[in-house]
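In the working numbering, the protein residues as written are 1 to 189. Where a beta carbon is used, it is the ideal one built from N, C-alpha and C, also for glycine. The structure displayed is predicted, hence computed values, not measured ones.
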Amino acid sequence: YANPSSLHSAGQKAHTALETAREQVAALLGAADPSEIVFTSCGTEADNMALIGAAFEHRAKGRHLITSAVEHHAVLHTLDYLAREHNFEVTELPVDGEGRIRPSDLAAALRPDTILVSLMTANNEIGTIEPVAEIGNAIWKWRTEHKRPQLVFHTDACQAAGALDLDVNKLHVDLMTVNGSKIYGPKGV
């Protein structure tokens, strides 16, 4: 509970615990470096930071964002904000009768000005598990073939944590949101 940036002993204990947790999460997710792990207060804040950060970072290369019609409001509202307030264009992919995204629909929606794709791993309402690894692989191939390294793939995996393998390398994702409260983490992480 101490400030991990403080120099007093309680702060240094908190700092050590925080960095240990960061290393453990990085190992669990297959992150290349523990510094890639950012702790926020909740999944909504993490989604907001990932989407707004990626969109602003790459907006000089394009303003097209892709998501699905069944995303969590943390994603949909953030993308709506980017469209309304910052002139990004958002494509919402339809889903099939089971709530799944068709990879062919995603492939058809990708354009040279696409800079961000955000698709959830597991749906919080109906439990559908999306083919994230297949989609991530398709995005990686498209990004390579079209020389578009700025295309970022984000997945909200809050509902999948603790139930599915979330290795970012196997899934070919650049940004992932996980909610600690879903996997017995501390409250507010």
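Nearest neighbour of residue i, chosen from the options [CA to CA]
{"i": "Pro131", "options": "Thr121, Trp140, Val75 and Glu125", "result": "Thr121"}
{"i": "His15", "options": "Phe56, Asp96, Asn3 and Gln24", "result": "Asn3"}
{"i": "His77", "options": "Met49, Glu98, Gly99 and Ile101", "result": "Met49"}
{"i": "His86", "options": "Leu106, Gly97 and Arg63", "result": "Arg63"}
{"i": "Leu65", "options": "Lys182, Leu106, Asp167 and Ala17", "result": "Leu106"}
{"i": "Tyr184", "options": "Asp167, Cys158 and Gln150", "result": "Cys158"}
{"i": "Gly97", "options": "Arg84, Ala69 and Gln12", "result": "Ala69"}
{"i": "Lys182", "options": "Cys42, Ala10, Ala54 and Leu51", "result": "Cys42"}
{"i": "Leu110", "options": "Lys13, Glu92, Ile126 and Gly127", "result": "Glu92"}
Beta carbon proximity, residue i to chain C, threshold 8 Å
{"i": "Lys187", "result": "This model lacks chain C altogether; it includes just one protein chain."}
Cβ shell of residue i (< 7 Å), same chain only, five flanking positions each side left out
{"i": "Thr45", "result": "It is Glu, not Thr, that sits at residue 45 in the sequence shown. Taken in chain order, the list of residues that qualify is empty."}
{"i": "Pro186", "result": "Gly180"}
{"i": "Arg143", "result": "Pro149 and Leu151"}
N- and C-terminal bounds of the alpha helix (DSSP H) containing residue i
{"i": "Val173", "result": "Careful: Val173 lies outside any alpha helix (DSSP H) and carries neither H nor E."}
{"i": "Asp33", "result": "Taken as a continuous stretch (DSSP letters only), Asp33 belongs to no alpha helix (DSSP H), as it is neither H nor E."}
{"i": "Asn3", "result": "No alpha helix (DSSP H) holds Asn3; DSSP gives it neither H nor E."}
Other residues of its chain near residue i: CB distance less than 6 Å, five sequence neighbours each side excluded
{"i": "Arg22", "result": "Pro34 and Ile37"}
{"i": "His172", "result": "Gly136, Asn137 and Trp140"}
{"i": "Thr40", "result": "Ala46"}
Continuous beta strand (DSSP E) stretch holding residue i: start and end
{"i": "Phe153", "result": "Val152 to Asp156"}
Residues bridged to residue i (per DSSP)
{"i": "Ala122", "result": "Ile129"}
{"i": "Val117", "result": "Ile66 and Phe153"}
{"i": "Ile101", "result": "Val95"}
{"i": "Val90", "result": "Leu65"}
Residue i and residue j closer than 8 Å at C-beta
{"i": "Val117", "j": "Phe153", "result": "yes"}
{"i": "Asp174", "j": "Val75", "result": "no"}
{"i": "Ile101", "j": "Leu79", "result": "no"}
{"i": "Asn124", "j": "His58", "result": "no"}
{"i": "Thr67", "j": "Gly99", "result": "no"}
{"i": "Ala55", "j": "Phe88", "result": "yes"}
{"i": "Ala161", "j": "Val178", "result": "yes"}
Contacting residues, own chain, Cβ-Cβ under 8 Å from residue i (five flanking each side not counted)
{"i": "Pro112", "result": "Gly62, His146 and Arg148"}
{"i": "Asn169", "result": "Gly30"}
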